[in-house]
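Enquirer:
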Amino acid sequence: MNTKRRVFLKGTLAAGAVGVAVGAGVLTPSTVLAAWPEAAFQAKDVNSALKAAMGSDAMTGGDITIRAPDIAENGAVVPITIETGIAGVSSIALIVAAANTPFTSSYELGEGAIGMVSTRIKMGQTSDIIAVVKAGGKLHSAKKEVKVTIGGCGG
Amino acid sequence: MSTIRVRAQIADGVTTVRALMSHPMETGQRKDSKTGQLVPAHFIKEVTAEVNGKRVMTANWGPAISRNPYLSFQFKGAKAGDTLNMTWTDNQGKSDTAEVKVG
Numbered sequence: 081m082n083t084k085r086r087v088f089l090k091g092t093l094a095a096g097a098v099g100v101a102v103g104a105g106v107l108t109p110s111t112v113l114a115a116w117p118e119a120a121f122q123a124k125d126v127n128s129a130l131k132a133a134m135g136s137d138a139m140t141g142g143d144i145t146i147r148a149p150d151i152a153e154n155g156a157v158v159p160i161t162i163e164t165g166i167a168g169v170s171s172i173a174l175i176v177a178a179a180n181t182p183f184t185s186s187y188e189l190g191e192g193a194i195g196m197v198s199t200r201i202k203m204g205q206t207s208d209i210i211a212v213v214k215a216g217g218k219l220h221s222a223k224k225e226v227k228v229t230i231g232g233c234g235g
Numbered sequence: 095m096s097t098i099r100v101r102a103q104i105a106d107g108v109t110t111v112r113a114l115m116s117h118p119m120e121t122g123q124r125k126d127s128k129t130g131q132l133v134p135a136h137f138i139k140e141v142t143a144e145v146n147g148k149r150v151m152t153a154n155w156g157p158a159i160s161r162n163p164y165l166s167f168q169f170k171g172a173k174a175g176d177t178l179n180m181t182w183t184d185n186q187g188k189s190d191t192a193e194v195k196v197g
């Protein structure tokens, strides 16, 4: 484990910050290969974030459940769980519609994955949470509003 | 000590992974209350999970993920006793790995 980490760090230093994802990919051959979608994280609106991350912004509904609090008292820690019954899910994106940069995170799932991810995000204000699921090259989405009483993006 | 606490529990062929990482997840927009200077961005960009060397999940994260991040996901195809590796890499090029047995 330790030697692997040394090798990884060396690779990282050699390739520089941009090469981190690539370096990791080269050193650990895998079925899920994806570079960090920088354009999506910088996008200022939902549609351009989706185009950058998922290749399209054309979405249909589907069997997607977002589990999140209706009212988040502390915007610094908002637990979000996305579950989907859609078969063959390849990736899931989590978007906060009202944020300056709406794209929070995406999850590339390997073979045998079950359509479920759970994490905790920061929210500065009340917003719709949008879950986008990519399966068989098509995008499906669902949304849920979370009311935030104390924002968690400032100091 | 590893900055990652990870568990992989298997039930009915489905492995549930739960992980907690300790990381500041600075957005780069917060000001230090004493100096008034912006705290530089410092957040995990990528979290990967591999079972027996095969990638099962890659998370691309931005600064909107909460401090000391939590991540959970599920997959099929692992057996009790398999080794799950979880690695994070942040925007400053730091990384850490944890290893856990599925069971």
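As given, the protein sequences belong to chains A and B, one line each in that order.
Numbering of the first sequence is given in the working numbering, commencing with residue 81 and proceeding in unit increments.
Numbering of the second sequence is given in the working numbering, commencing with residue 95 and proceeding in unit increments.
Backbone N, C-alpha and C define an ideal beta-carbon position, used for all residues, glycine too.
Values in this document were obtained by computation on a predicted structure and should not be read as measured data.
#1: Can you say whether P182 of chain A is buried or exposed, counting buried as having 16 or more other CB atoms within 10 angstroms of its CB?
#2: Starting from N127 of chain A and walking both ways along the alpha helix (DSSP H), at which residues does that stretch end?
#3: Which residues in chain A have a C-beta closer than 8 Å to the C-beta of L165 of chain B? List them in chain order.
#4: Please identify the residue among B:E144, B:P157 and B:T177 whose C-alpha is closest to the C-alpha of F137 of chain B.
#5: Please confirm whether K139 of chain B and N185 of chain B have their CB atoms less than 8 Å apart.
#6: Would S160 of chain B count as contacting chain A if we go by Cβ distances under 8 Å?
#7: Can a CB atom of chain A be found closer than 8 Å to the CB of G171 of chain B?
#8: Is DSSP giving F137 of chain B helix, strand or coil here?
#9: List the residues of chain A whose Cβ lies closer than 8 Å to the Cβ of M180 of chain B, in chain order.
#10: Is the beta carbon of I220 of chain A sitting closer than 8 Å to the one on I166 of chain A?
#11: Just list the residues that DSSP pairs D190 of chain B with in beta bridges.
#12: Which residues does DSSP list as the beta-bridge partners of H220 of chain A?
#13: For A120 of chain A, which of helix, strand or coil comes out of DSSP?
#14: Kindly list, in the order they appear in chain B, the residues whose Cβ is closer than 7 Å to that of T184 of chain A.
#15: For K173 of chain B, does the three-state DSSP call read helix, strand or coil?
#16: Taking its Cβ as the centre, do 16 or more other Cβ atoms sit within 10 Å of Q168 of chain B, making it buried, or is it exposed?
#17: I need the straight-line Cα distance from T229 of chain A to I151 of chain A, nearest angstrom please.
#18: At a Cβ cut of 7 Å, what residues of the stretch 202–221 of chain A count as close to chain B, listed as they run along the chain?
#19: Tell me, please, whether the CB atom of K128 of chain B is closer than 8 Å to any CB atom in chain A?
#20: For T242 of chain A, tell me which candidate among A:V226, A:E225 and A:A211 has the shortest Cα-Cα distance.
#21: Taking T141 of chain B as the reference, which of B:S116, B:A172 and B:T109 has the closest Cα?
#22: Applying a beta-carbon distance threshold of less than 7 Å, which residues of chain A neighbour V196 of chain B?
#23: Between the beta-carbon of K227 of chain A and the beta-carbon of I209 of chain A, is there less than 8 Å?
Expert: This is what the structure holds:
#1: Counting from 1 along the first sequence, the entry for residue 182 of chain A is found at position 102. P182 of chain A should be labelled buried.
#2: The residue labelled residue 127 of chain A in the question sits at position 47 within the first sequence. Looking at the DSSP string, the run of the alpha helix (DSSP H) that includes N127 of chain A is V126 to M134.
#3: Taking the second sequence and counting its residues from 1, one reaches residue 165 of chain B at position 71. Chain A residues near L165 of chain B: V197, S198 and T199.
#4: To locate residue 137 of chain B, count along the second sequence from 1; it is residue 43. Of the candidates B:E144, B:P157 and B:T177, the one whose C-alpha sits nearest the C-alpha of F137 of chain B is B:P157.
#5: Position 45 of the second sequence, counting from 1, holds the residue named residue 139 of chain B. Position 91 of the second sequence, counting from 1, holds the residue named residue 185 of chain B. In contact: K139 of chain B and N185 of chain B (Cβ atoms closer than 8 Å).
#6: Residue numbering aside, residue 160 of chain B sits at position 66 when the second sequence is read from its first letter. Chain A contact via Cβ: present.
#7: Numbered from its first residue, the second sequence carries residue 171 of chain B at position 77. Cβ-Cβ to chain A under 8 Å: yes for G171 of chain B.
#8: The sequence position of residue 137 of chain B within the second sequence is 43, counting from 1. Three-state DSSP puts F137 of chain B in coil, outside helix and strand.
#9: Stepping through the second sequence from its first residue, residue 180 of chain B is reached at position 86. Simply none; closest approach about 11 Å.
#10: Counted from its first residue, the first sequence places residue 220 of chain A at position 140. Counted from its first residue, the first sequence places residue 166 of chain A at position 86. Looking at the sequence shown, residue 220 of chain A is not Ile but His. Yes. Within cutoff.
#11: For the purposes of this step, residue 190 of chain B is taken as the residue at position 96 of the second sequence. Answer is B:W182.
#12: By 1-based counting over the first sequence, the position of residue 220 of chain A is 140. Answer by DSSP bridge pairing, in chain order: A:T140 and A:V213.
#13: The residue labelled residue 120 of chain A in the question sits at position 40 within the first sequence. Helix at A120 of chain A.
#14: Counted from its first residue, the first sequence places residue 184 of chain A at position 104. Neighbours of T184 of chain A on chain B, chain order: G156, A158 and I159.
#15: Here residue 173 of chain B corresponds to residue number 79 of the second sequence, with the count starting at 1. DSSP places K173 of chain B in coil when its eight states are reduced to three.
#16: What you label residue 168 of chain B is simply residue 74 of the second sequence in a count that begins at 1. The residue in question, Q168 of chain B, is buried, as its Cβ has 16 or more Cβ neighbours within 10 Å.
#17: Residue 229 of chain A sits at position 149 when you count from the first residue of the first sequence. Residue 151 of chain A sits at position 71 when you count from the first residue of the first sequence. Cα to Cα, T229 of chain A sits roughly 7 Å from I151 of chain A.
#18: K202
#19: The sequence position of residue 128 of chain B within the second sequence is 34, counting from 1. K128 of chain B does not count as touching chain A.
#20: No information on residue 242 of chain A is available, as it lies outside the stretch 81 to 235 that chain A covers here.
#21: Taking the first residue of the second sequence as 1, we reach residue 141 of chain B at position 47. A quick correction: the sequence has Val, not Thr, at residue 141 of chain B. Checking every option, the nearest Cα to that of V141 of chain B belongs to B:S116.
#22: If you number the second sequence from 1, residue 196 of chain B lands on position 102. Simply none; closest approach about 13 Å.
#23: Here the question's residue 227 of chain A lines up with position 147 in the first sequence. Here the question's residue 209 of chain A lines up with position 129 in the first sequence. No. Outside cutoff.
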